[in-house]
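Here the structure comes first, spelled out in structure tokens, and everything after it is commentary.
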């Protein structure tokens with residue numbers, strides 16, 4: 002029996018439009034599509050729509066792929082670098098140029114990540130954040146400096162009159 006395909010190239014399942022629903026049978030092509038769409042940051046709802054299944058069916062049959070959501074983008078980028086390197090080693094000049102661009106983008110991402118980490122940590126010379134009481138004590142230590150009051154308002158020092 003010949004398979005029937007819809008407008009987008011998906012095979013129409015047997016019994017489509019009749020009572021009951023035939024069980025879903027995931028293919029390796031579907032698994033690869035899920036991995037690619039995860040790498041592109043698609044939501045579960047969008048991926049389910051692309052496969053023409055419900056989100057629950059997607060979660061049931063593609064649980065292993067969905068657990069690796071965070072790693073998919075890294076795997077895609079690594080594969081792209083691998084292919085570009087193979088093509089560049091084979092003498093493809095365009096692939097060599099693209100590989101250079103990919104390496105530059107990777108370097109920029111690393112620098113950006115290091116800058117964000119440094120900002121999150123407050124920089125190398127950052128002092129720990131003080132609470133209200135600690136801030137008031139620190140401010141009191143330098144109170145009156147550079148004014149006519151002198152040591153009169155410093156805590157613990159009695160002014161001479």
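Residue numbers (my numbering): 2 to 162. Ideal Cβ positions, reconstructed from N, Cα and C, are used throughout, including at glycine. These numbers were taken from a predicted model, which means no experiment stands behind them.
With a cut-off of 8 Å on the beta carbons, I'd call residue i and residue j a contact; round off their distance for me.
{"i": "residue 1", "j": "residue 39", "result": "Nothing in the structure corresponds to residue 1, since the chain is present only between 2 and 162."}
{"i": "residue 131", "j": "residue 139", "result": "7 Å"}
{"i": "residue 63", "j": "residue 32", "result": "7 Å"}
{"i": "residue 99", "j": "residue 85", "result": "5 Å"}
{"i": "residue 52", "j": "residue 34", "result": "7 Å"}
{"i": "residue 103", "j": "residue 81", "result": "7 Å"}
With which residues is residue i paired in a DSSP beta bridge?
{"i": "residue 56", "result": "Looking at the DSSP assignment, residue 56 forms no beta bridge with any residue, so it has no partner."}
{"i": "residue 12", "result": "6"}
Residue i: buried (16+ other C-beta within 10 angstroms of its C-beta) or exposed?
{"i": "residue 116", "result": "exposed"}
{"i": "residue 48", "result": "buried"}
{"i": "residue 94", "result": "exposed"}
{"i": "residue 73", "result": "buried"}
{"i": "residue 59", "result": "buried"}
{"i": "residue 36", "result": "buried"}
What is the residue span of the alpha helix (DSSP H) that residue i lies within?
{"i": "residue 98", "result": "94-121"}
{"i": "residue 40", "result": "29-40"}
{"i": "residue 78", "result": "70-90"}
I'd like the list of long-range same chain contacts for residue i, defined as Cβ closer than 6 Å, with 5 residues on each side in sequence excluded.
{"i": "residue 4", "result": "12"}
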